[in-house]
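Trainee: First the structure, which I've put down as structure tokens, then a few questions once you've had a look.
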DNA sequence: CAAACCGTATCAGTTGTATAACACAGTTCT
DNA sequence: AGAACTGTGTTATACAACTGATACGGTTTG
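Protein chains in written order, with my numbering: chain A, 1 to 128; chain B, 129 to 256.
Okay, structure coming up:
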């Protein structure tokens, strides 16, 4: 069963996109595997305090990407082969990093200044 | 006069927040100084192809932060002392970097893996 | 079988963002 | 003084995101 323990609702960003991202992150990090049970729409909506429709929207889009398989009436499961994992991993890693690099460049930082700042902030948080 | 040449409207992110960010980035990078003229609401709305009310909302919030000074009827100017510049610089640099570091940690990357990925992507773009 | 769950669908309502069309008063400049 | 700008404010409209409530039929389990 996929866990939503460390999941906290962000501010302005659409909830359904946050959920999609959370699951993709879990897959990329290896915390979520193949044929793993997904929380039901109702259960997750109750846990997060959001509307079931919002969860449905997120799951539906994940199903369009082939990451989730749903059968009417039954529980939903993940469906991630090795190619999918690699694809998601590249998508998230390279995407986020490119955005950050662009932001740092626009702020006028040099490569080493930016990397130094990141290295400093890495230690401030816990773990890794 | 503040330039909006290299400014392109993004996809889903609110336009008024993009405008606020663009001006703050210019100040943090040193491209925008003190007592610099800000494009009029009407002129900028025509240039970007958005509604004047959207520009007004962005300028109004910048005025609340003390970054812009507006006198009814006259042109608007920036108002940024050294403390403000430092504050904005920290806000943008540390904020973006903290978000990126958190994302990389959640993806299961080590510090060196993340920094290596960033260093690679830094070269791919132009300049700096 | 029957209860309890599940996915799926529809409807109306609220909020935030953006558009559109104005109006009014203060300023700058010729 | 008068024209052309400026900032400011109002109202109505549109759309996407999210909420709230409800319903239907399929699956699972005791």
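By construction, the Cβ of each residue, glycine as well, lies at the ideal position given by its N, Cα and C atoms. Note that this is a predicted model, so its numbers are computed, not measured.
Among the candidates 197(B), 234(B), 216(B), 202(B), whose CA atom is the shortest distance from the CA of residue 163(B)?
Mentor: Counting from one through the second chain, the residue named residue 163(B) turns up at place 35. When each option's Cα is compared against that of residue 163(B), the closest is 197(B).
Trainee: Measure from the C-beta of residue 224(B) to each C-beta in chain A and report whether the shortest distance is under 8 Å.
Mentor: For the purposes of this step, residue 224(B) is taken as the residue at position 96 of the second chain. Cβ-Cβ to chain A under 8 Å: yes for residue 224(B).
Trainee: Alpha helix (DSSP H) containing residue 16(A): first to last residue?
Mentor: For the purposes of this step, residue 16(A) is taken as residue 16 along the first chain, with counting starting at 1. Per DSSP, residue 16(A) belongs to the alpha helix (DSSP H) from 15-29.
Trainee: Is the separation between the beta-carbon of residue 129(B) and that of residue 165(B) shorter than 8 Å?
Mentor: As a position in the second chain, residue 129(B) is number 1, starting the count at 1. As a position in the second chain, residue 165(B) is number 37, starting the count at 1. Cβ distance < 8 Å, so residue 129(B) and residue 165(B) count as in contact.
Trainee: Beta carbon of residue 11(A): closer than 7 Å to some heavy atom of the ligand COA?
Mentor: With respect to the ligand COA, the structure shown offers nothing to examine, as it has no ligands at all.
Trainee: Does the separation of the CB atoms of residue 55(A) and residue 19(A) fall below 8 Å?
Mentor: Numbered from its first residue, the first chain carries residue 55(A) at position 55. Numbered from its first residue, the first chain carries residue 19(A) at position 19. Yes, they are a contact pair.
Trainee: Would you check if the distance between the CB atom of residue 28(A) and the CB atom of residue 89(A) is smaller than 8 Å?
Mentor: As a working mapping, residue 28(A) is identified with position 28 in the first chain. As a working mapping, residue 89(A) is identified with position 89 in the first chain. Yes, the pair counts as a contact, with Cβ atoms nearer than the cut-off.
Trainee: Does the region 235-246 of chain B touch the region 204-218 of chain B, meaning 3 or more C-beta pairs lie closer than 8 Å?
Mentor: No, because fewer than three Cβ pairs between the region 204-218 of chain B and the region 235-246 of chain B fall closer than 8 Å, the two stretches do not touch.
Trainee: What is the DSSP secondary structure of residue 76(A), counted as helix, strand or coil?
Mentor: On the first chain, position 76 is the one that residue 76(A) refers to. Three-state DSSP puts residue 76(A) in a strand.
Trainee: In terms of alpha-carbon separation, which member of 161(B), 154(B), 139(B) lies closest to residue 210(B)?
Mentor: Walking along the second chain from the start, residue 210(B) turns up at place 82. Of 161(B), 154(B), 139(B), the residue nearest in Cα terms is 161(B).
Trainee: By how many angstroms is the C-alpha of residue 59(A) removed from the C-alpha of residue 44(A)?
Mentor: Residue 44(A) sits at position 44 when you count from the first residue of the first chain. Residue 59(A) sits at position 59 when you count from the first residue of the first chain. Each residue's Cα considered, the two are about 11 Å apart.
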